[in-house]
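Q: First, the structure itself, so that you have it in front of you.
Protein chains: 2
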Amino acid sequence: MSVVIPETDQALYRALAEELRDQIDTGALAPGEKLPSLRRMAQLRKVSVTTVLEAYGRLQDWGVVEARPQSGYYVLAGYESPCERPAPVAIPEPYEVRHTGQISAMLAEAVSGGGMPFGAAIVSTELLPYQQLARKLGDVCRRKAAAMQRYEFSPGYAPLRRHIARRYAATGVACNADDIVITSGCTEAGQLSLRAVTRPGDTVAIASPTYYGFLEWLESLGLRALEIPADADTGMDMDALASVMRAGRAQAVLTTPTYGNPLGSLMPEDSKRQLAALAAEHAVPIIEDDIYGELPFSGERTPPIKAFDRDERVLLCTSFSKSLVAGFRVGAVVNRRYCEGLAQLKRCASLANSTPEQIAIADYLESGGYDRHLRRLRHVLGDSMHRFSRCVAESFPEGTRLSRPQGGFVLWVELPAGSDGFKLKTAAQRAGIQIVSGHIFAPDDRYAHCIRLNTGIRWTPEVEHALRTLGRLAKELV
Amino acid sequence: MSVVIPETDQALYRALAEELRDQIDTGALAPGEKLPSLRRMAQLRKVSVTTVLEAYGRLQDWGVVEARPQSGYYVLAGYESPCERPAPVAIPEPYEVRHTGQISAMLAEAVSGGGMPFGAAIVSTELLPYQQLARKLGDVCRRKAAAMQRYEFSPGYAPLRRHIARRYAATGVACNADDIVITSGCTEAGQLSLRAVTRPGDTVAIASPTYYGFLEWLESLGLRALEIPADADTGMDMDALASVMRAGRAQAVLTTPTYGNPLGSLMPEDSKRQLAALAAEHAVPIIEDDIYGELPFSGERTPPIKAFDRDERVLLCTSFSKSLVAGFRVGAVVNRRYCEGLAQLKRCASLANSTPEQIAIADYLESGGYDRHLRRLRHVLGDSMHRFSRCVAESFPEGTRLSRPQGGFVLWVELPAGSDGFKLKTAAQRAGIQIVSGHIFAPDDRYAHCIRLNTGIRWTPEVEHALRTLGRLAKELV
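For the protein sequence lines, the chains are F and X, in the order given. Just so you know, the first sequence maps onto residues 1 to 478 in the working numbering. Just so you know, the second sequence maps onto residues 1001 to 1478 in the working numbering.
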């Protein structure tokens, strides 16, 4: 594996490895099945034997296949389902969100505390092109010093809005730069969207389990939550959501359909289409958090709900924080109907985004490096997710279930009944490992036996060691 | 006047000129009175004759004194009151704020439209140390690229909070870094403060005329406004405000006591002390916008209301946007009682401020250049304000009244009865001059005959020409 391989061949073997992994994931290649020989596969795919060897090696690294001496490569038994998927919970009544206050504060503190970063959903700095961004920002400092000292009033820097519009247009979203308001990350995008379409006391449908931030947002705005059970694979239960929307039980929907946090679930395209239609039919706005949308492990970017929105009922919220740079605080809302109101809310909330980063990110996007970076990042994240899953399946207590994300970098782990995620978190912290307990993803203790792992990290022996340590601690605490 | 003078002597003559101007302003030196001779003043002040000559020259430039050949320097007749001060209006009932939506949008558009910038309250780029800031930010890009890509979670970058605390401590505010939450400018500081201490439907006391942004903030948060008449010199009427607070007619006060916008008024220290005491006694929080606080024309920085706050009822909001750099969006709230709640609201609103600017401004403050810059800026702003006032008094219609700010860079001009600020604005725009009509500083047409001028500009022949053109237009439109 230590042969240095040219960039183009790397792309070939990675593509092949991921394609085979997908076939194994979906059962097209069954456990125990033998892969074609190196020579045969090379002929079939018109690539070199070295490329196939690399691809098979990658599958071995992932723990998906094994090489049997004198025989060939075989799909490992039991890979298809290393753990069962967590089961969705029932739909409760709407409730007032309260006392969420300390979650994000605790998480922020944990981040600054150091340790193995399986806690907050943050991609490792080393996986992001921060040096290129720093160079772009440095260029802005040298060449556009006067421009960057000025207010770049909401809706924000036009070249940046054009780039965002162009990228979304490529995923099927009908939008242009005038439909876009630049925000301070996805958080401000979501908050302004909620403020644009709800009033205090309104009910907002969210997934269960949900990103804890959504609970905090709702509380801070005096909004009520109505939980829709979420499946680990497909996200929010569409039947339940449809009945809520039809009955007018929620004034808005707040969802992360693409690699949602904490399950990493992906709402199928049909459901997305159906949801957009329901939103139009019942005039219920959908606030779509697409922050992980750029991070499928393989294949093309999946279209957001917004791609199926023919009535401007979907407020698409996005950010560069998860896929490019966190500290620059650049996000956006895409929606024509509410655009003017959102720009005004933004002016009231914070007047304008900081100018230098808007210019620097627009310049970076202009330079064309983003897609190249995303390709590399997706590979690493896919790699890590598979290794994390495999390692959890091997080292955690029997009866553990886990989600199977196809993108993003959060993994949901349901420990056996009787486990306590918070106790595990405390024990892990003593061992120098940050994790997040399931408590924070619901307003009660429903997910107290769960934990969420941040997998936005390059897989190393240290990571594996920490994860095995976590598994041992989980076993001790059952 | 073209002699090159060392920096220390410059400080001497400027100080002398400003002291004499203050004496003339307050009437201690009466119109027509003769100033001491150059030699006599040099003896009195123990400075060189050249220094006195420079100081007197500056007073001539300001149009405050005249040199009579063979005789000496005389205070110009009529300077004490080139125009009368505008009169305060009566106190109305609380009202729901509505339809403010287009004000900031229009202003933002006007700024990008170009023309002589007497409109939006923005200091000219050339008066700000934007190159130094760009260098600092460039240094951050080179040396702290990894750090600046990360989230700097609310309450924000600790070294920056320490600098802000230290600066306020020097004005008599009892605070430390832990009492401070970094925000996206003063706008977010004010919004978060309002959200921390009010609920939708509450009434907030504001000045009349008021910064139009306050009206927009109140509308966006569903708050009601109760206007307190403001005097052009001393700001909000303390008797009226005290009676409102005693009667519990407002749940919060939102004020810019130091060089308030649009009047440029300065609340006297006694009133500030009284207001802090009332806030403590009646548990009515005061949101103090101190964005112009660093910009007195002469003398020391005046203490904010917060300096007299013994019960943590004053939420002090500040920003570097008016005095250092607008595009960086760095502000803060200072308050111990609400600090934790504000940090949480900030996390919900936008998670964190952008990291690079927080580091760059902290590094800039550390380098010690800020006070040097402020000294220069204050002189230029004081100079411009006096020349603007003088020129308005000379060239505007008879019966024009104007405010007499002691700091900041907004000048309030009350045109004779029957004038229409909006018509003047439209005519000015055609002549390539941006101004703001009085309409936007109240919810009705009460100030329709007023305009506000941005004086944050270096005085040049072009500026003078534009202002005289504006005066001519005003005369034509009466």
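Every residue gets a Cβ at the ideal spot worked out from N, C-alpha and C, and that includes glycine.
Based on Cα-Cα distance, which residue from F:V334, F:N335 and F:V330 lies nearest to F:A352?
A: The candidate whose alpha carbon is nearest that of F:A352 is F:V330.
Q: Start and end of the beta strand (DSSP E) containing F:R224?
A: Counting along the chain, the beta strand (DSSP E) containing F:R224 begins and ends at R224 to D231.
Q: Starting from the Cα of X:R985, find the closest Cα among X:F1153, X:R1142, X:T1255 and X:G1072 and give me that residue.
A: Residue 985 of chain X lies beyond the residue range present for chain X, which begins at 1001 and ends at 1478; the question has no answer from this structure.
Q: Run through DSSP, which three-state label would X:D1025 get?
A: Helix.
Q: Which residues does DSSP list as the beta-bridge partners of X:I1206?
A: Bridge partners of X:I1206: X:E1227.
Q: Would you verify that the beta carbon of F:M148 is, or is not, closer than 8 Å to some beta carbon of chain X?
A: F:M148 counts as touching chain X.
Q: On the CB-based measure, 16 or more other CB atoms within 10 Å of its CB, does F:S368 come out buried or exposed?
A: Before going on, a small fix: residue 368 of chain F reads as Gly here, not Ser. Exposed.
Q: What residue range is occupied by the uninterrupted alpha helix (DSSP H) comprising F:C450?
A: Not the alpha helix (DSSP H): F:C450 falls in the beta strand (DSSP E), residues C450 to N454.
Q: Which whole runs of the beta strand (DSSP E) in the region 261–321 of chain F are 3 residues long or more, in chain order?
A: With a minimum length of 3 residues, the continuous beta strand (DSSP E) runs that stay inside the region 261–321 of chain F are 286–289 and 314–319.
Q: Report buried or exposed for F:G264, applying the criterion of at least 16 other Cβ atoms within 10 angstroms of its Cβ.
A: Answer is buried; the Cβ neighbour count reaches 16.
Q: With a CB to CB cut of under 6 Å and the five nearest residues on each side skipped, what residues in its chain are close to F:G63?
A: The answer, listed in chain order, is R390.
Q: Can you tell me which of the three DSSP states F:Y151 falls into?
A: If DSSP states are grouped into helix, strand and coil, F:Y151 belongs with coil.
Q: Using a Cβ-Cβ cut-off of less than 7 Å, give me the residues of the region 1324–1337 of chain X that come near chain F, in sequence order.
A: Correct list: V1325, A1326, G1327, F1328 and R1329.
Q: Please tell me whether X:A1349 has its Cβ less than 8 Å away from any Cβ of chain F.
A: Answer yes: the Cβ-Cβ gap between X:A1349 and chain F drops below 8 Å somewhere.
Q: Taking 7 Å as the cut-off, is the beta-carbon of F:P129 closer than that to any non-hydrogen atom of the ligand SAM?
A: The model depicted lacks the ligand SAM and carries no ligand whatsoever.
Q: Quick one: what does DSSP say X:W1412 is sitting in, helix, strand or coil?
A: DSSP places X:W1412 in strand when its eight states are reduced to three.
Q: Name, going along the chain, the residues of the region 214–228 of chain F whose beta-carbon falls closer than 7 Å to a beta-carbon of chain X.
A: Here the close residues are E216, W217 and S220.
Q: So the beta strand (DSSP E) X:L1254 belongs to, where does it begin and stop?
A: A1252 to T1255 is the extent of the beta strand (DSSP E) around X:L1254.
Q: For the alpha helix (DSSP H) that contains F:G382, what are its first and last residues?
A: First-last of the alpha helix (DSSP H) with F:G382: G369 to S395.
Q: What residue from X:Y1151, X:A1028 and X:L1016 has the CA that sits closest to X:K1046's CA?
A: The candidate whose alpha carbon is nearest that of X:K1046 is X:L1016.
Q: Can you give me the C-alpha to C-alpha distance between F:V49 and F:A189, rounded to a whole angstrom?
A: Taking the straight line from one Cα to the other gives about 49 Å.
Q: Along the chain, where does the beta strand (DSSP E) containing F:E66 start, and where does it finish?
A: Looking at the DSSP string, the run of the beta strand (DSSP E) that includes F:E66 is V65 to R68.
Q: Could you tell me how far apart the beta carbons of F:G456 and F:S37 are, in whole angstroms, since I believe they sit closer than 8 Å?
A: Incorrect: roughly 36 Å between the Cβ atoms, too far for contact.
Q: Tell me which same chain residues have a C-beta within less than 8 Å of the C-beta of F:L295, skipping the five on either side of it?
A: The residues are Y259, K322, S323, L374, L377, R378, L381, G407, G408 and F409.
Q: Spatial neighbours of X:A1110 within its chain, please: CB distance less than 6 Å, with the 5 preceding and 5 following residues excluded, ordered by chain position.
A: Result list for X:A1110: G1119 and Q1434, in chain order.
Q: At a Cβ threshold of 8 Å, is F:Q344 touching chain X?
A: Yes, because at least one Cβ of chain X sits closer than 8 Å to the Cβ of F:Q344.
Q: Less than 8 Å between CB atoms is the rule here; does F:L194 satisfy it with respect to chain X?
A: For F:L194, the answer is no, since every Cβ of chain X falls outside 8 Å of its Cβ.
Q: Going by DSSP, which residues form a beta bridge with X:N1353?
A: DSSP lists X:E1152 as partners of X:N1353.
Q: Return the CA-CA distance between F:K475 and F:L424, expressed in angstroms with no decimal places.
A: Spanning the two alpha carbons is a distance of roughly 10 Å.
Q: If the criterion is Cβ atoms closer than 8 Å, does the pair X:M1236 and X:A1207 meet it?
A: Yes, the Cβ-Cβ distance between X:M1236 and X:A1207 is below 8 Å.
Q: Look at F:S104 and F:E219 and say whether their C-beta atoms are less than 8 Å apart.
A: Not closer than 8 Å, so no.
Q: Mind pulling the chain F residues with CB within less than 8 Å of X:R1142?
A: The answer, in chain order, is A134 and G138.
Q: For the 8 Å Cβ check, are there 3 or more pairs between the region 1272–1292 of chain X and the region 1147–1165 of chain X?
A: No: fewer than three Cβ pairs fall under 8 Å.
Q: Strictly under 8 Å for the Cβ-Cβ distance: is F:G156 near chain X by that measure?
A: No - not a single Cβ of chain X is within 8 Å of the one on F:G156.
Q: Whole angstroms are fine: how far does the CA of F:T256 sit from the CA of F:E269?
A: If I take the Cα positions, the gap works out to 13 Å.
Q: Using a 10 Å radius around the Cβ and a threshold of 16 neighbouring Cβ atoms, would you call X:L1467 buried or exposed?
A: It is buried - the Cβ of X:L1467 has at least 16 other Cβ atoms within 10 Å.
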